[in-house]
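The opening residue of the sequence shown carries number 2 in the numbering used here; numbering runs sequentially from there.
Inspection log for the structure reproduced underneath, given as structure tokens.
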Amino acid sequence: MFGTITARDLATRLDRDAEDYVLVDTRPAESYDSWRVTGAENVPFGPAEELSDDQRDRITELADGDEILTICGKGATSTRLASELDADGLADVSVVTGGMRAWNELYETATVETASDDLIVRQFQRRAKGCLSYLVGSERAGEAIVVDPTRHTDQYITTAAEHGLEITGVLDTHVHADHISGGRELTNRLGVPYYLGEKAAERDLAVDFEPLADGETLSIGDGEIETLAAPGHTTEMVAYRVDSVLLTGDSLFLDSVGRTELEFGEEEAETGARMQYDTLHDTLLELPDELIVLPDHVTVHDDGTYANAEPGELVGATLGDVRDRLDLVDLDEDAFVERMVDDVPAKPDNYETIIAINRGVENTRNATEATTLETGANNCAA
Numbered sequence: 002m003f004g005t006i007t008a009r010d011l012a013t014r015l016d017r018d019a020e021d022y023v024l025v026d027t028r029p030a031e032s033y034d035s036w037r038v039t040g041a042e043n044v045p046f047g048p049a050e051e052l053s054d055d056q057r058d059r060i061t062e063l064a065d066g067d068e069i070l071t072i073c074g075k076g077a078t079s080t081r082l083a084s085e086l087d088a089d090g091l092a093d094v095s096v097v098t099g100g101m102r103a104w105n106e107l108y109e110t111a112t113v114e115t116a117s118d119d120l121i122v123r124q125f126q127r128r129a130k131g132c133l134s135y136l137v138g139s140e141r142a143g144e145a146i147v148v149d150p151t152r153h154t155d156q157y158i159t160t161a162a163e164h165g166l167e168i169t170g171v172l173d174t175h176v177h178a179d180h181i182s183g184g185r186e187l188t189n190r191l192g193v194p195y196y197l198g199e200k201a202a203e204r205d206l207a208v209d210f211e212p213l214a215d216g217e218t219l220s221i222g223d224g225e226i227e228t229l230a231a232p233g234h235t236t237e238m239v240a241y242r243v244d245s246v247l248l249t250g251d252s253l254f255l256d257s258v259g260r261t262e263l264e265f266g267e268e269e270a271e272t273g274a275r276m277q278y279d280t281l282h283d284t285l286l287e288l289p290d291e292l293i294v295l296p297d298h299v300t301v302h303d304d305g306t307y308a309n310a311e312p313g314e315l316v317g318a319t320l321g322d323v324r325d326r327l328d329l330v331d332l333d334e335d336a337f338v339e340r341m342v343d344d345v346p347a348k349p350d351n352y353e354t355i356i357a358i359n360r361g362v363e364n365t366r367n368a369t370e371a372t373t374l375e376t377g378a379n380n381c382a383a
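Here's what the structure looks like:
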């Protein structure tokens with residue numbers, strides 16, 4: 002009888018560099034090529050297929066006596082394959098329950114070291130998608146703010162409770178295009194304010210929020226969270242500075258800046274690009290180099306690896322280090338705009354629907370639909 006393992010079990014094996022298994026991804030080649038678990042091998046196997054001799058021989062060769070793990074999109078097809086392998090006499094076969102959808106909802110956390118002995122900052126990493134979110138708390142005051150939460154909101158409440166903190170507000174840096182925000186759900190659950198940059202009022206949002214102007218602050222214990230207008234990726238984009246950290250949203254990543262055509266459209270992408278140039282040079286790069294840049298995303302390569310860290314390690318760097326590694330910094334405005342407009346990556350899946358949901362003008366019917374909309378790595382960097 003074949004067995005089962007969870008996505009968390011798989012992550013544990015992957016993180017300890019276990020070499021006693023082979024992970025067989027049964028999805029079509031194009032799905033596998035665009036996004037997969039690190040180390041997975043592709044053996045396409047359709048929902049109505051029977052195991053062929055070639056497929057069996059290929060899997061046997063890949064396993065070379067090790068355990069065989071199977072994974073697919075949702076867990077159904079990989080379960081059929083595991084069953085057929087087991088019936089065909091192959092021992093030590095298990096299926097990853099929930100498939101890539103379960104993998105897409107796996108989180109890691111990292112602690113941010115700050116200059117304050119009172120400030121608590123935790124980074125939440127949506128492992129397969131690369132979305133990053135934050136809990137910022139004051140130990141002395143016993144209160145916390147959540148920044149850019151995803152829709153899996155229990156983790157923020159649980160982590161705050163573990164630190165003895167009460168969540169008193171929720172901030173979004175902008176209207177997200179690659180994932181469904183958990184901001185409104187969290188504020189509704191807790192009865193606390195929901196904040197966005199004041200320019201969000203110009204995007205026809207059908208949700209209630211507290212607008213934050215450039216330079217406006219929110220108290221967190223004895224400290225403050227300062228709002229910095231950072232338009233470019235979107236018109237309402239803001240960054241938040243608190244103590245020695247800079248929460249940059251999608252305005253600045255560790256290896257890029259936010260793309261500018263998702264809100265503005267292809268024809269007006271130049272408008273956003275010029276905003277992005279001004280934000281980069283007149284706002285963000287004018288700040289102290291020792292600030293720790295904490296972005297909203299980390300680049301997740303097609304093979305599931307991170308660009309600038311490992312899962313569970315902090316995705317962050319000093320502003321000085323980001324400046325040194327970012328070749329866009331050295332371009333003049335026209336060259337910067339040309340790069341942003343002409344070298345546009347593929348758009349995030351379902352981005353128009355996700356924007357509409359985050360604006361409050363559309364809703365998902367259930368968690369399954371939300372999961373389907375969000376499947377795949379983020380793609381908000383230029």
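Where a beta carbon is used, it is the ideal one built from N, C-alpha and C, also for glycine.
Computed from a prediction, not measured in an experiment: that's the story for all the values here.
- In the DSSP assignment, Val-338 falls within the alpha helix (DSSP H) that extends over 334-343.
- Arg-128 and Thr-376 have their C-alpha atoms spaced approximately 12 Å apart.
- Pairing Thr-169 with Val-193, the inter-Cα distance amounts to about 6 Å.
- Residue pairing by DSSP places Tyr-108 opposite Arg-127 in a beta bridge.
- DSSP places Gly-66 outside any beta strand (DSSP E), giving it a letter other than H or E.
- Gly-233 places its beta carbon 7 Å or farther from that of Gly-266.
- Val-258 counts as buried, since at least 16 other C-beta atoms from the protein chains shown sit within 10 angstroms of its C-beta.
- Looking from the CA of Leu-295, the closest CA among Pro-29, Leu-248 and Leu-281 belongs to Leu-248.
- Within the same chain, Glu-271, Ala-274, Arg-275 and Tyr-278 come within 7 Å of Val-338 by CB-CB distance, once the 5 residues on both sides are set aside.
- Residue pairing by DSSP places Pro-212 opposite Leu-197 in a beta bridge.
- Counting of Cβ neighbours within 10 angstroms places Ala-178 among the buried residues, the total reaching 16 or more.
- Within its own chain, the residues whose Cβ lies closer than 8 Å to the Cβ of Glu-167, once the five positions on either side in sequence are excluded, are Gly-143, Glu-144, Ala-145 and Ala-161, listed in chain order.
- Of the candidates Ser-117, Asp-149 and Gly-250, Ser-117 places its Cα closest to the Cα of Gly-222.
- Glu-225 is bridged by DSSP to Ser-220.
- As the crow flies, the alpha-carbon of Arg-340 is around 31 Å from that of Glu-227.
- By alpha-carbon distance to Ser-134, the top candidate from Asp-350, Ala-382 and Gly-317 is Gly-317.
- DSSP places Arg-152 outside both helix and strand once states are collapsed to three, so it counts as coil.
- Our two residues, Ser-35 and Ala-207, have alpha carbons roughly 34 Å apart in a direct line.
- Taken in chain order, the unbroken stretches of beta strand (DSSP E) that lie wholly in the segment 144-190 and span 3 residues or more are 144-148 and 167-172.
- The segment 352-360 and the segment 302-321 do not touch, with fewer than three beta-carbon pairs separated by less than 8 Å.
- In this structure, DSSP gives Asn-359 a helical state, which the three-state scheme calls helix.
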